[in-house]
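Which chain is which? The protein sequence lines are D and G, in order.
If you read the first sequence in my numbering, its first letter stands for residue 34, the second for the next number, and so on.
If you read the second sequence in my numbering, its first letter stands for residue 939, the second for the next number, and so on.
What follows is a set of notes on a single structure, which appears directly below.
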Amino acid sequence: MKNFATVSLTAFLFSSSLWIIWSFFVVQIEGSPNWLGSYFYLPHAARVLCVVYFGWKAIPGLFLAELWGPDFNVFEPYTLTHLIPSLMSVLSVPLALSTLSLFGFPLGSTQASPLNSTNYKHIALITLISATYNSLLINLTLTRLSLSSMEIGIDQIGRFFVGDILGTAIVVIALTITLKPIIRAKTP
Amino acid sequence: MNEFYTNINNALSMLSGLENDLNIRHFTPNELKVFYTIITRSAFNEHGSNISEIVENSGMSRSTVYKTLKKLSDEDIIYLTQSQDDGRESLITLKSRT
């Protein structure tokens, strides 16, 4: 129970921090087309990293951050249908992991694991598949539930896909640079 | 709680692998000074500079240069080979990266 609370809090804080940083950059480029921010969608990194390293326990914290993130207000009078896209986004990573497991690549953390969480190339693969699911499922949901004010085309699906991958890459590289002293202390 | 730290440790291992492959590294001021001196000297002598030349041109103490060269050598940035003219001297050459 204590571990679940720690994981939930970590996932929520990490995801929320990325939402805040991303929103800051989106505000900065406000003069440009307002969809430019989706080309480097940082919050997807929180979904990938938290689900890969903490498992299902991270999902509630991530979901709460997804609800809070867009408006920084979790108490907005949401209808149930508005919760579905956020849930889809969070579930895109477990879905990617399930797909890989189905094809004989279950997630592990040792060198012998077919899908190794300590190998960044495997994280890149998970990111790629989850970005595919996210871009397709989100846009499909938005269309089916008529939640989008603008027309959804292949360009938007592509933008979501590229944005998730670029966003995750930016966050992972930024973490590598900022956590360098800790990484160096850990490795002999 | 142990499980939480194990997960964080796995994440750091992943970042460590990425750091190695990206070769993200920052030189300390001493390392920078020695490194630039080696580069500058290599323009004059393609067979490598000796330690005395590096000490003279970097303006740093011999012991600091020795320590820094050892570190750069351990990290595969430079070669230290024995001089054929003077067995007591080591020649320093930059390692080429392909």
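For glycine and all other residues, C-beta sits at the position ideal for the given N, C-alpha and C.
Can you name the residues of chain D whose CB is closer than 8 Å to the CB of residue i?
i	result
Glu941(G)	Asn36
Ser1011(G)	Here the premise fails: no neighbours, minimum Cβ distance about 18 Å.
Using a cut-off of 7 Å between C-beta atoms, extract the partners of residue i located in chain D.
i	result
Ala949(G)	Leu82, Tyr86
Ser1001(G)	Residues of chain D passing the Cβ test: none, with the nearest at roughly 24 Å.
Asn961(G)	Those do not exist, as Asn961(G) stays about 11 Å from chain D at its closest Cβ, beyond 7 Å.
Leu956(G)	Tyr153, Val205, Thr209
Asn945(G)	Tyr86, Phe87
As a quick exercise: from the options, pick the residue whose alpha carbon is nearest that of residue i.
i	options	result
Leu42(D)	Ala79(D), Ile216(D), Ser131(D), Thr165(D)	Ala79(D)
Leu161(D)	Phe138(D), Gly196(D), His115(D), Arg177(D)	Gly196(D)
Ser951(G)	Trp89(D), Lys154(D), Lys35(D)	Lys154(D)
Gly102(D)	Trp52(D), Ile210(D), Cys83(D)	Trp52(D)
Leu148(D)	Asn940(G), Tyr943(G), Asn948(G)	Asn948(G)
Val972(G)	Ser1001(G), Asp1014(G), Thr1006(G), His985(G)	Thr1006(G)
Trp55(D)	Arg217(D), Thr201(D), Ile92(D)	Thr201(D)
Ala207(D)	Leu953(G), Ala981(G), Tyr1017(G)	Leu953(G)
Quick one: what's residue i bridged to in DSSP?
i	result
Gly141(D)	Asn149(D)
Taking C-beta pairs closer than 7 Å, name the residues in chain G that residue i reaches, listed in chain order.
i	result
Leu208(D)	Leu953
So with CB distances below 8 Å, who are the chain G contacts of residue i?
i	result
Leu212(D)	Leu950, Leu953
Ile54(D)	Those within 8 Å of Ile54(D) in chain G number zero; the least Cβ separation is about 18 Å.
Ile216(D)	Leu950, Leu953, Ser954, Glu957
Less than 7 Å separating the Cβ of residue i from some heavy atom of the ligand FMN?
i	result
Ser150(D)	For the structure depicted, the ligand FMN is absent and the ligand set is empty, with no information on it obtainable.
| Complete runs of the alpha helix (DSSP H) confined to the stretch 946 to 1031 of chain G [at least 4 residues] | You should have 967 to 980, 989 to 996, 1000 to 1012.
| If you measure beta-carbon to beta-carbon, which residues of the stretch 136 to 165 of chain D are closer than 7 Å to chain G? | Listed by position, the residues of the stretch 136 to 165 of chain D near chain G (Cβ gap below 7 Å) are Ser142, Ser150, Thr151, Asn152, Tyr153, Ile156.
| message | Which residues of the stretch 88 to 102 of chain D have a Cβ closer than 9 Å to any Cβ of chain G? Give them in chain order. | response | Those residues of the stretch 88 to 102 of chain D that come within reach of chain G (Cβ to Cβ, closer than 9 Å) are Gly88.
| said: In chain order, what are the residue ranges of uninterrupted alpha helix (DSSP H) at least 4 long that sit wholly in the stretch 160 to 190 of chain D? | reply: Entirely contained in the stretch 160 to 190 of chain D, not one alpha helix (DSSP H) run reaches 4 residues.
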